[in-house]
Amino acid sequence: MWLARKIEPEQGRRLEQLSLDGIGVVMEGRRFYPKGPLLAHVLGFSGMDGQGLEGLERRYDSHLHGEKRVTVLQRDALGRTVFPKGLAEQAPTPGHALTLTVDEVIQYIAEKELEEAVTHTHAKSGIIIAMDPQSGAILAMAVSPRFDPNVVAALTPDRWRNRALTDTYEPGSTMKAMLAAAALEEKVMTPDSLVFGENGQMVIANTTIHDHDKLGWMTFSEVIQKSSNIGAAKTGMALGEQRLYRYLQAFGFGQRTEIDLPGEVNGLLKVPKDWGRRSLASISMGQEVGVTPIQMVSAIAALANGGVMMKPYVVSEVRDQKGRVLKEVLPQVKRRVVSSDTARAMTTMLEGVVTNGTGAKGAIPGFRVAGKTGTAQKIDPRTGAYSSTQFVGSFVGYVPAESPRLAMIVVLDEPQGEAWGGAVAAPVFRRVGEQVLNYLGVSRDDTVKIALAMKDH
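Just so we're aligned, residue 1253 is where the sequence shown starts under this note's numbering, counting upward by one.
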């Protein structure tokens, strides 16, 4: 039986020197993470006996663990364990090696910029996911606050859970990108369709919907650029409950992305029969629906990929100890969500968000950026109503817009002070995107237009 485990080496040496009957010291190995907090929420960690408890350690435990060593011992007449001379010992079989899609440099950039943003805005937490939209490969997945997987005993699960997969939030105006794609695909709108903004307020089901400005007539492109709630509500009503629900499902909301990491949740997308009188308008604005960051970045990546959604993944290969490939993970198409024509039109509209609308602070000099801002009120658990002080600010997009290499989402939970997604999340997208594109060697286009930002709702 064990009296103590994982004691300090010096304690072990002292015990051995005592030569106590029936008490011995056995050396054990343990997992060590040389990079510390880097990629910790993806890697996870293992337990005392080496079993994977979180992250990739848990998901691929059967591959990583290897086979245990078997040692045959004997007991003497008094029942004491003895080690006979010439004892044959079976060496343990090493576990398999995983090759990840995550790029260490991109991961470092994402974590560094996210930590600075969370600190600067005094947010509770933050998330960045960077994806290759053409393959679904995850290039970076950063969560703040970070943790060191070498030292987890004193931490609570709240610290090590991968919020990119486990935490749902109301997306707010980022959902308008998917709404707009559905409207274009169903031909209830064109980019040039005119929508009246009701001078900034409209009553639906005894509730007044507001816009940030007294907006009048707008093109549908301007509805998205200006992030008009009223324009979004009217678009949703033009689509109708069933069509909107069908497209949100097609974009992956209300279901797991099936990424190869544990802990992913479905999010929340109610079936139309459970919608209330205001639900059609609310969902069109990104309320009454709960999404995860991995769902939202997968959805925007589908638009970046010509309307085709790819399955996200983090492990590209599994190899044995001799380097032989046991499993190769290839890019997997999940489904076509919208036509390539709709995806191209959406790219143009989302570029307008950055050049002429709420996402100007997400602009990257020399690159065409397509993106959407979001600022969502959180529910106050004490009142059950939307809070006037607690927000989630986000920005989701892809770059270069004409030939995307990077799809990315930035989410900041409860930033203090100015909480607009265009003000707090878009600049993080810009800083990360610029560094990553430079690292990848993507050429700039110095004719790209930069604009001033406006607030988003």
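By construction, the Cβ of each residue, glycine as well, lies at the ideal position given by its N, Cα and C atoms.
Query raised in the report: Among ASP1444, ASN1518, ASP1593, ASN1608, which has the Cα closest to the Cα of ALA1556?
Result: The shortest C-alpha separation from ALA1556 is found at ASP1593.
Report task. Counting only runs of 4+ residues fully inside the segment 1449-1536, write out the alpha helix (DSSP H) ranges in chain order. Result -> Qualifying alpha helix (DSSP H) stretches, in chain order: 1472-1477, 1481-1491, 1493-1502, 1531-1536.
**Report entry** Cα-Cα separation, PRO1385 to VAL1688
**Finding:** Each residue's alpha carbon lies about 15 Å from the other.
Query raised in the report: For LYS1624, does the three-state DSSP call read helix, strand or coil?
Result: Here LYS1624 carries a strand assignment [DSSP, helix/strand/coil].
**Report entry** Nearest residue (CA-CA) to GLN1629, options PRO1667, VAL1648, GLU1309, LYS1579
**Finding:** Closest in C-alpha terms to GLN1629, from the list PRO1667, VAL1648, GLU1309, LYS1579, comes PRO1667.
Report task. Ignore the nearest five residues each way along the sequence and tell me which others in ALA1429's own chain have a CB closer than 6 Å to its CB. Result -> Correct list, in chain order: LYS1624.
Query - Straight-line Cα distance separating PRO1346 from ALA1340 - result: Unreliable placement is indicated for ALA1340, whose pLDDT of 49 sits below 50; the coordinate value is still reported in the next sentence. Taking C-alpha positions only, ALA1340 is separated from PRO1346 by approximately 19 Å.
Query raised in the report: DSSP state of TYR1298, grouped into three classes?
Result: First, the amino acid is wrong: residue 1298 is Ser here, not Tyr. Strand, per DSSP.
**Report entry** CA-to-CA distance, PRO1443 to ILE1381, given in whole angstroms
**Finding:** Cα-Cα distance, rounded: 29 Å.
Query raised in the report: Within 10 angstroms of its Cβ, does PRO1545 collect 16 or more other Cβ (buried), or is it exposed?
Result: Buried, since its Cβ has 16 or more Cβ neighbours within 10 Å.
Query raised in the report: What first and last residue would you give for the beta strand (DSSP E) that runs through SER1646?
Result: For SER1646, the enclosing beta strand (DSSP E) covers residues 1638-1651.
Report task. From the DSSP output, in three-state form, read off GLN1687 for me. Result -> Three-state DSSP puts GLN1687 in a helix.
Query - Member of PHE1681, ASN1451, TYR1565 whose CA lies at the smallest distance from the CA of GLY1645 - result: It is PHE1681 whose Cα lies nearest to the Cα of GLY1645.
Query raised in the report: If you count every other CB in all the chains shown that lies within 10 Å of the CB of GLN1359, and 16 or more means buried, which is it?
Result: Under a 10 Å Cβ-count criterion, GLN1359 is classified as buried, with 16 or more other Cβ atoms of the shown protein chains found around its own Cβ.
Query raised in the report: Can you give, in chain order, each stretch of the beta strand (DSSP E) that sits fully within the segment 1371-1410 and has at least 3 residues?
Result: Counting whole runs of 3 or more residues, the segment 1371-1410 contains the beta strand (DSSP E) stretches 1377-1383, 1390-1396.
Query raised in the report: Looking only at C-alpha atoms, which of SER1531, ALA1292, GLN1501, GLY1506 sits nearest to ILE1461?
Result: Of the candidates SER1531, ALA1292, GLN1501, GLY1506, SER1531 places its Cα closest to the Cα of ILE1461.
Query raised in the report: Is the shortest distance between the beta-carbon of PRO1385 and the beta-carbons of chain D less than 9 Å?
Result: Of the chains in the structure shown, none is chain D; there is only one protein chain.
Query raised in the report: Cα-Cα, which of THR1353, VAL1543, ARG1495, GLY1611 is closest to PHE1647?
Result: It is GLY1611.
Report task. Might you give, ordered along the chain, the residues of its own chain that have their beta carbon closer than 7 Å to the beta carbon of ARG1311, omitting 5 neighbours on each side? Result -> ASP1512, LEU1513, PRO1514.
Query - Sheet register partners of LYS1579 (DSSP bridge) - result: Looking at the DSSP output, LYS1579 shares a beta bridge with VAL1570.
**Report entry** Whole-angstrom C-beta distance between SER1536 and THR1487, which should lie under 8 Å
**Finding:** Rounded, the Cβ-Cβ distance is 6 Å, consistent with contact.
Query raised in the report: Using the rule of at least 16 other Cβ atoms within 10 Å of the residue's Cβ for burial, across every protein chain shown, is MET1548 buried or exposed?
Result: The residue is buried, with at least 16 neighbouring Cβ atoms inside 10 Å.
Query - Secondary structure of ASP1665, DSSP reduced to three states - result: If DSSP states are grouped into helix, strand and coil, ASP1665 belongs with the strands.
Query - Start and end residues, beta strand (DSSP E) containing MET1548 - result: No beta strand (DSSP E) holds MET1548; the alpha helix (DSSP H) holding it covers 1545-1556.
Query raised in the report: In terms of DSSP beta bridges, what is LEU1436 paired with?
Result: DSSP lists no partner for LEU1436.
**Report entry** Neighbour-count burial assignment, ARG1415, 16 or more Cβ in a 10 Å radius
**Finding:** Counting the other CB atoms within 10 Å of its CB gives ARG1415 a total of 16 or more, which places it among the buried residues.
Query raised in the report: In three-state DSSP terms, what is ALA1349?
Result: Strand, per DSSP.
Query raised in the report: Where do the ends of the beta strand (DSSP E) carrying VAL1354 lie?
Result: In the DSSP assignment, VAL1354 falls outside any beta strand (DSSP E), carrying neither H nor E.
Report task. Tell me whether ARG1620 is buried or exposed, calling it buried when 16 or more other Cβ atoms sit within 10 Å of its Cβ. Result -> Burial call: buried.
Query raised in the report: If we count the other Cβ atoms within 10 Å of its Cβ and call it buried at 16 or more, is PRO1652 buried or exposed?
Result: PRO1652 should be labelled buried.
Query raised in the report: Pairing CB atoms from the segment 1347-1357 with CB atoms from the segment 1563-1577, are three or more of them under 8 Å?
Result: Contact annotation: the segment 1347-1357 touches the segment 1563-1577, with at least three C-beta pairs closer than 8 Å.
Query raised in the report: Do the CB positions of ILE1456 and LEU1467 come within less than 9 Å of each other?
Result: Cβ distance not < 9 Å, so ILE1456 and LEU1467 don't count as in contact.
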